[in-house]
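Okay, so here's the structure we're looking at.
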Amino acid sequence: MGNRGLPCYFSLLLLLFAPLSCSQSQQSCDSSDLNALQGFVEGLQSSDLGWSFNGRSSSPDCCTWVGISCDVGSVLVKRVIGLDLSDKSLKGSVSSSLGGLDQLKQLNLSNNSFNGSVPVELFRLPHLELLDLSMNMLSGLIPAESNLPSIRLFNISANSFSGTHPILAGSSNLSVYDVSFNSFFGPVDTGICNSSGSIQLLQFSANMFSGDFPAGFGNCSSLTELSLSKTGLTGTLPDDLFTLSSLSLLNLKGNTLSGIVSTNIRNLSNLVHIDISLNNFSGVIPDVFDSLSELEYFAAFSNKLTGGLPPSLSNCSTLALLILRNNSLTGTIDLNFTALPRLNALNLASNFFSGRIPPDLPNCTQMMTLGLAMNNLVGEIPSSFKNFTSLYYLSLSGNNFSNLFSALQILQNLPNLRNLILNTNFRGGESMPTQGIQGFANMEVLIIENCALSGSIPPWLANLTNLKVMDISWNHLTGTIPLWLGNLDNLFYLDISNNSLTGEIPTSLALMKSLMYSNSSQESVASQYYPFVILRNSSGRSLEYKQYSSFPPSIILSNNKLVGSILPGFNGLVNLHVLDLSFNDISGTIPDLSDMSNLESLDLSNNHLTGAIPSSLSRLHFLSSFSVAYNNLSGKIPTGGQFNTLNDPSIYTGNYYLCGPPTKNNCSDEEPNPYPKRDDNNGTHETIWLYLGMGSGFATGFWGVYVVFLFRRSWRIAYFRMTDKLFDDIYVMVVLSWRRLNGKIGGQRPIS
Ligand SMILES: *[C@@H]1O[C@H](CO)[C@@H](O)[C@H](O)[C@H]1NC(C)=O
Ligand SMILES: *[C@@H]1O[C@H](CO)[C@@H](O)[C@H](O)[C@H]1NC(C)=O
Ligand SMILES: *[C@@H]1O[C@H](CO)[C@@H](O)[C@H](O)[C@H]1NC(C)=O
Ligand SMILES: *[C@@H]1O[C@H](CO)[C@@H](O)[C@H](O)[C@H]1NC(C)=O
Ligand SMILES: *[C@@H]1O[C@H](CO)[C@@H](O)[C@H](O)[C@H]1NC(C)=O
Ligand SMILES: *[C@@H]1O[C@H](CO)[C@@H](O)[C@H](O)[C@H]1NC(C)=O
Ligand SMILES: *[C@@H]1O[C@H](CO)[C@@H](O)[C@H](O)[C@H]1NC(C)=O
Ligand SMILES: *[C@@H]1O[C@H](CO)[C@@H](O)[C@H](O)[C@H]1NC(C)=O
Ligand SMILES: *[C@@H]1O[C@H](CO)[C@@H](O)[C@H](O)[C@H]1NC(C)=O
Ligand SMILES: *[C@@H]1O[C@H](CO)[C@@H](O)[C@H](O)[C@H]1NC(C)=O
Ligand SMILES: *[C@@H]1O[C@H](CO)[C@@H](O)[C@H](O)[C@H]1NC(C)=O
Ligand SMILES: *[C@@H]1O[C@H](CO)[C@@H](O)[C@H](O)[C@H]1NC(C)=O
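Using the numbering used here, the letters of the sequence shown correspond one by one to residues 58 to 809.
And the structure:
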């Protein structure tokens with residue numbers, strides 16, 4: 058970057074005084090710097106930096122090398138003052154010889170694969186102002202004797218450093234400090250604030266600290282951002298925290314902090330972003346928001362907060378996000394939403410709010426996500442919601458709303474509404490509206506489950522061609538399953554269980570496009586604060602899905618009055634994960650389903666199935682939940698493959714003529730078999746094939762299953778609800794492992 062020209066220019070000036078030619082006076086880099094760089098390269102496992110040390114006649118000009126910047130040292134030498142080798146895929150250790158670059162001001166090794174510990178020499182560079190070691194695999198302790206008097210920016214985030222976090226005593230110009238995503242333990246030491254009045258940003262998140270929230274941050278009087286999320290801190294917030302009048306971001310999410318939220322928070326008048334979610338804070342939310350005139354982001358979900366919404370929130374005209382879900386808040390929702398024009402995300406779910414939905418909510422013309430689920434709200438959806446054109450996600454589940462017909466009429470023409478979750482409402486004996494609804498053209502997720510609705514599967518659903526998730530289970534719907542249901546090309550999660558549906562399963566359900574091919578549907582809006590909660594009224598269990606793309610591709614028809622046989626065409630649904638036909642009146646034999654390579658859960662229990670369990674099912678490597686209980690099945694329970702793990706007798710119970718382990722019946726030849734196999738040839742053929750496959754296939758097959766199963770178990774947790782508190786952590790973990798594993802094992806696992 059112009060380093061070449063500058064020395065020559067200086068040399069030309071020198072020409073006035075000395076008879077030197079430009080070429081002869083070519084400045085080279087200092088030999089001690091050169092040695093240091095050579096030592097550094099020796100620590101690398103592979104070097105494609107293109108640095109060439111082999112200049113014989115004259116020493117090479119390292120200042121022209123990639124990543125290096127220099128400053129004029131003396132007439133003849135330049136000194137290395139900057140080394141930026143970020144994003145270079147470098148591997149190996151950070152050599153102590155870097156300590157020889159004693160004029161170094163900037164060192165950036167971010168986003169490489171350096172491992173091992175960092176030599177103490179690096180922490181003693183007297184002129185170093187910027188040190189960025191983030192995103193490597195460095196470990197070990199930061200030397201206690203470190204001395205970086207000039208440091209301004211210190212970023213060692215996303216490594217595996219341990220021990221106590223560095224204090225950088227005597228670094229009076231320190232401004233930005235980031236030790237997040239490491240394995241530091243012990244207390245958070247606010248001694249870092251003793252010497253530096255210029256610290257602006259402290260980032261401690263995602264470490265393994267312990268102990269109470271320390272006093273002392275008050276000494277960091279210029280602090281604008283303080284992040285301590287997921288650091289393991291306990292105790293209450295000390296008073297001096299509330300003297301940081303420059304603070305604009307405070308992130309304390311995911312600790313075990315308790316006590317009340319002090320009214321002194323009003324002194325933090327520059328706060329823009331505050332997140333105290335996932336802690337044990339209690340008491341009322343202080344009514345001080347008129348003092349927080351910059352506030353845009355206030356998240357306090359999953360605490361033990363009580364009382365009502367502080368009225369002063371209405372004075373917070375800058376507010377864009379308000380997330381208070383999963384607390385114990387009471388009272389009505391009577392903010393002046395007309396005064397909150399920038400609000401675009403509001404979630405008050407899982408509290409004890411009562412009263413009606415405020416009709417002026419649609420005056421928040423930027424509102425995209427609105428969650429009021431699981432409160433004690435009553436009444437109808439206000440007609441003003443016809444104007445709520447910005448709305449993308451609406452969850453009202455688990456309240457006492459009435460008049461589903463009116464609700465659907467009001468909402469049907471909202472152009473952006475894609476997620477509508479209404480379950481567990483309208484329970485006063487309403488029926489599923491079949492006429493008068495034409496809209497919802499963009500709807501992707503529709504959940505009207507557990508509303509005690511009578512009527513049938515409504516025909517207007519046929520026009521919802523973008524629908525991906527449909528759940529109208531736990532109602533009293535009658536009639537048959539319409540053929541068009543299988544023609545909704547994007548539908549991959551269909552739950553119409555626990556109704557009183559009759560007739561046969563339409564063949565179209567075996568031809569559902571999004572279940573025949575694996576299409577990785579993308580989530581269009583991050584729904585971090587809007588998990589889908591589906592209540593189950595049978596056992597009180599509920600499922601929580603973080604986002605709809607984590608719904609497992611499913612067809613759930615259980616507990617109806619369906620007749621006929623299992624469609625052999627289901628075998629073509631290679632992307633289906635869950636097939637539940639239990640508690641119906643289905644008869645006939647179990648067809649070959651061995652091509653359903655993603656199937657994890659197959660429940661055929663409590664029907665009238667006959668014949669044998671096809672041994673080909675042992676090829677369903679992901680099948681971890683299986684039941685054929687209470688049918689009229691007969692013959693030997695298959696062995697091998699996945700059946701080695703499906704050995705819980707309750708899977709097979711209630712089938713008098715099934716034999717072999719894990720049942721207690723012996724498969725003696727003499728035993729009468731009232732349901733002989735139709736095609737014996739095919740049967741033995743298959744068995745032989747299986748045995749042949751054992752030798753080579755089993756070893757690799759086992760590993761494939763084992764590796765993927767380990768991972769899939771954690772993935773499954775994503776949709777089988779954990780406690781709300783755990784949820785966000787698990788989500789992060791799961792998303793990471795999805796990504797990681799998906800990268801590693803290539804196209805093996807399609808994501809839906
Ligand atoms: C280090 O380099 C990365 C990648 O070029 C850059 O994003 C980052 O800002 C740099 N660090 C500092 C402190 O400038
Ligand atoms: C890290 O560096 C690689 C190239 O080595 C680049 O592809 C990747 O985008 C970088 N990651 C980040 C977060 O900058
Ligand atoms: C660094 O990683 C290499 C493998 O890439 C390994 O051989 C070496 O032992 C590691 N060094 C340390 C100190 O962990
Ligand atoms: C530290 O580095 C990480 C990774 O490069 C980056 O995401 C983060 O923003 C940096 N921290 C600060 C405070 O700049
Ligand atoms: C701190 O910064 C000031 C102003 O940039 C500078 O004059 C001073 O030399 C720096 N102190 C140290 C120890 O680097
Ligand atoms: C910071 O000041 C406190 C109180 O005087 C003292 O106990 C602590 O040792 C100091 N820490 C550092 C790193 O100077
Ligand atoms: C603030 O720093 C001073 C020393 O600079 C120290 O005496 C004092 O105890 C510190 N305050 C806290 C709360 O640690
Ligand atoms: C908050 O500010 C007021 C004056 O605005 C002051 O009297 C009070 O001491 C401050 N509280 C704290 C904890 O700093
Ligand atoms: C609500 O806020 C709007 C806009 O700030 C204001 O005009 C209106 O008077 C307020 N309504 C009430 C009831 O305070
Ligand atoms: C919505 O805002 C408009 C204009 O600010 C106002 O006239 C109207 O009264 C508001 N609606 C409600 C329900 O407050
Ligand atoms: C919708 O908004 C228009 C103008 O913005 C207003 O005239 C109308 O009354 C509103 N409708 C409802 C149902 O609030
Ligand atoms: C589906 O949409 C078409 C065109 O918009 C309309 O004519 C038809 O009546 C709709 N069908 C149902 C069942 O609502």
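Cβ atoms here follow ideal geometry from the backbone N, Cα and C, with glycine treated the same way.
Just verifying my parser: in three-state terms, what is the DSSP assignment at residue i?
i, result
"K525", "coil"
"E282", "strand"
"V502", "strand"
"M194", "strand"
"T300", "helix"
"V631", "coil"
"I52", "The shown model of the chain, from 58 to 809, leaves out residue 52, and the question about it has no answer."
"P588", "Confidence at P588 is low in this model, with a pLDDT of 44, below 50, so its placement is unreliable and no value can be given for it."
"Q699", "helix"
"N324", "helix"
"P290", "Here the sequence assigns Leu to residue 290, which means Pro is not the residue at that position. Coil, per DSSP."
"K148", "strand"
"I249", "helix"
"N383", "coil"
From what residue to what residue does the beta strand (DSSP E) around residue i run?
i, result
"L90", "Note on identity: in this sequence residue 90 is Asp, with Leu being the wrong assignment. It is not in any beta strand (DSSP E) - D90 instead sits in the alpha helix (DSSP H) that spans S88 to E99."
"Q260", "L258 to Q260"
"A402", "A402 to N404"
"S452", "Y450 to S452"
"K693", "N689 to K693"
"A356", "Y354 to A356"
"S611", "S611 to I613"
"D652", "Looking at the DSSP string, D652 is not in any beta strand (DSSP E), and its letter there is neither H nor E."
"C810", "Outside the shown range of the chain (58 to 809) lies residue 810, about which nothing can therefore be said."
"L540", "First-last for L540: undefined, no H or E at that position."
Keeping to the same chain, check which residues put their C-beta closer than 8 Å to that of residue i; ignore five residues upstream and five downstream.
i, result
"S124", "Residue identity differs from the one stated: residue 124 is Gly in this sequence, not Ser. Contacts found: L106, L140, D141, L142 and K145."
"T363", "S339, G340, V341, N384, S385, L386 and T387"
"T313", "G289, L290, T291, N336 and N337"
"E351", "S305, S326, N327, L328, V329 and T375"
"P367", "V341, I342, P343, D344, V345 and F346"
With burial defined as no fewer than 16 other Cβ atoms inside 10 Å of the residue's Cβ, what is the status of residue i: buried or exposed?
i, result
"C421", "buried"
"G157", "buried"
"D528", "buried"
"G455", "buried"
"S516", "A small correction: the amino acid at residue 516 is Pro; Ser does not occupy that position in the sequence shown. Classification of P516: exposed, given that the 10 Å Cβ count is below 16."
"L448", "buried"
"P271", "buried"
"A215", "buried"
"L540", "exposed"
"L133", "exposed"
State the CB to CB distance for the pair residue i and residue j, rounded to an integer number of angstroms; the pair is presumed to be in contact (CB under 8 Å).
i, j, result
"L187", "L205", "Rounded, the Cβ-Cβ distance is 10 Å, inconsistent with contact."
"F442", "P472", "Contact flag wrong, Cβ pair sits at about 13 Å."
"L534", "G512", "6 Å"
"N547", "C508", "That pair is no contact at about 24 Å."
Kindly indicate the opening and closing residues of the alpha helix (DSSP H) around residue i.
i, result
"L140", "Per DSSP, L140 belongs to no alpha helix (DSSP H); it is in the beta strand (DSSP E), V134 to D141."
"L461", "L461 to L468"
"K570", "K570 to M573"
Residues in its own chain within less than 6 Å of residue i by CB, not counting five upstream and five downstream?
i, result
"S452", "G428, A430 and I478"
"S371", "L392, N393 and A396"
"L661", "L638 and V685"
"N664", "N641, I643 and N688"
"G815", "No information on residue 815 is available, as it lies outside the stretch 58 to 809 that the chain covers here."
"Q31", "Shown here, the chain extends from 58 to 809; a query on residue 31 therefore has no answer."
"I333", "L309 and A357"
"R382", "F358, N404, A406 and S407"
"I414", "P439"
Residues in its own chain within less than 7 Å of residue i by CB, not counting five upstream and five downstream?
i, result
"G149", "G100, L101, Q102 and F171"
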